[in-house]
């Protein structure tokens, strides 16, 4: 039995040895990405992909270009209030201050609209002045009649301007049709268009006159015509800056009641270096953004304005002023903003598509160059700003090099092990 057992063991070992030598070995597929070099931000590496990986990622490339891009000068500006932004209202006569019926007494920072009733004045009159004299009543009637007559005349002028504009528009359409049919003269068409423009200008002036007279009538301080009571309204839209009186207080004639700030537009004081004034296009609009928005991705335009010249000799700067609309944000006086002033001559800059740039955890910017169909290399770049879909570079690859615009994030993840 021992001999049989030994024979079985020896036979099994022989068969196992023969199977290892003659059987097929398992074939291990190559990796999808091979990295040559370092995998740190300081040492760029080359990535070699398989053909299947390149096809699966659908990698697309674009060349590095040098373009004439708009050139800007970045300067920190200060927000100022325009000189006419603040309006103070005073008491026309000695009176006691009361709140408007059905409304709370105004407070600072309350938003107001034009002609919003804010407070009521009860005049302090001697007994003989409780009733207006006949002369005063006649003056009030004459003023009311004069304003009404002016409003009627302005409305008549507006209607006449509308009729002239309609007639001029019909003449323009008729002249254009005749010119299209080759039976009308170009001079007739030009005259018709000129007449249309003049009629449009007259209509605009007439509408402005009607609105001005209506505003003057509505913004009169005597909104409440009841004897012994006068309602004081907001003279303009904005926010109440200060309220100088309290409810029930006695005030003399000329005493300040409140002030209103109109923040729909603010000014920007930009201290520009005097040696660069000749390079700046001061007649063009500037771009304004927050201090944290260094690339100007959320900028808005500001228009130049002409004011009294000022400068700071100690800093060799000249003050430039721009008007900025409020938009969806309130700007505070004294706030700092970033202003991009345009230059006269566009500068030649390296440009790559913005989608080709990837950022590491330190904020450094990189692009991937395509050396061959399957080999890619990470290269450091220094973007200065974004212009639409392009990134303007201060430092980058040579012109003509192909950078990855689709699949750059996947290559970065494959290199550092953050991708799937």
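Residue numbers (my numbering): 1388 to 1807. Glycine is no exception: its CB is placed at the ideal position from the N, C-alpha and C atoms. For clarity, every value in this text was computed on a predicted model and none was experimentally measured.
- When C-alpha distances from residue 1715 are compared across 1687, 1560, 1573, the shortest belongs to 1687.
- With a contact defined as Cβ atoms closer than 8 Å, residue 1692 and residue 1709 qualify at about 7 Å.
- Rounded to the nearest whole angstrom, the CA to CA distance from residue 1780 to residue 1772 is 7 Å.
- For residue 1438, the enclosing alpha helix (DSSP H) covers residues 1438 to 1444.
- Straight-line measurement puts the Cα of residue 1439 at about 30 Å from the Cα of residue 1452.
- Fewer than three beta-carbon pairs drawn from the stretch 1586 to 1602 and the stretch 1463 to 1482 are found closer than 8 Å, and the two stretches are therefore not classed as touching.
- Residue 1461 is positioned such that its CB atom lies no closer than 8 Å to that of residue 1481.
- Residues 1596, 1597, 1600 of the same chain have their beta carbon placed closer than 6 Å to that of residue 1541, with the five preceding and five following residues left out of the count.
- Under the three-state reduction of DSSP, residue 1582 is assigned to helix.
- Contact between the stretch 1760 to 1769 and the stretch 1779 to 1798 is present, with at least three C-beta pairs closer than 8 Å.
- Going by beta carbons, residue 1765 and residue 1432 fall inside the 8 Å limit.
- It is roughly 38 Å from the alpha-carbon of residue 1533 to the alpha-carbon of residue 1713.
- Residue 1574 and residue 1550 have their alpha carbons spaced roughly 23 Å apart.
- When the five nearest sequence neighbours on each side are left out, the beta carbons in the same chain lying within less than 6 Å of the beta carbon of residue 1657 are those of 1462, 1464, 1707, 1726, in order along the chain.
- With a cutoff of 8 Å on beta-carbon distance, residue 1738 and residue 1545 are scored as not near each other.
- By the criterion of a C-beta distance shorter than 6 Å, residue 1786 is surrounded in its chain by 1451, 1453, once the five residues flanking it on both sides are discounted.
- For residue 1799, the uninterrupted alpha helix (DSSP H) segment begins and ends at 1795 to 1803.
- Under DSSP, residue 1706 forms a beta bridge with 1658.
- At the C-beta level, residue 1478 and residue 1630 stay beyond 8 Å of one another.
- Annotated as proximal: residue 1711 and residue 1653, with beta-carbon spacing under 8 Å.
- Residue 1679 carries a coil assignment under DSSP once its states are collapsed to helix, strand and coil.
- When rounded, the separation of the alpha-carbon atoms in residue 1535 and residue 1509 is 27 Å.
- Taking C-beta atoms as the reference points, residue 1661 and residue 1673 fail to come closer than 8 Å.
- Cβ-Cβ distances below 6 Å link residue 1699 to nothing in the same chain once the five nearest sequence neighbours on each side are left out.
- With respect to residue 1593, residue 1548 sits close: the two C-beta atoms are nearer than 8 Å.
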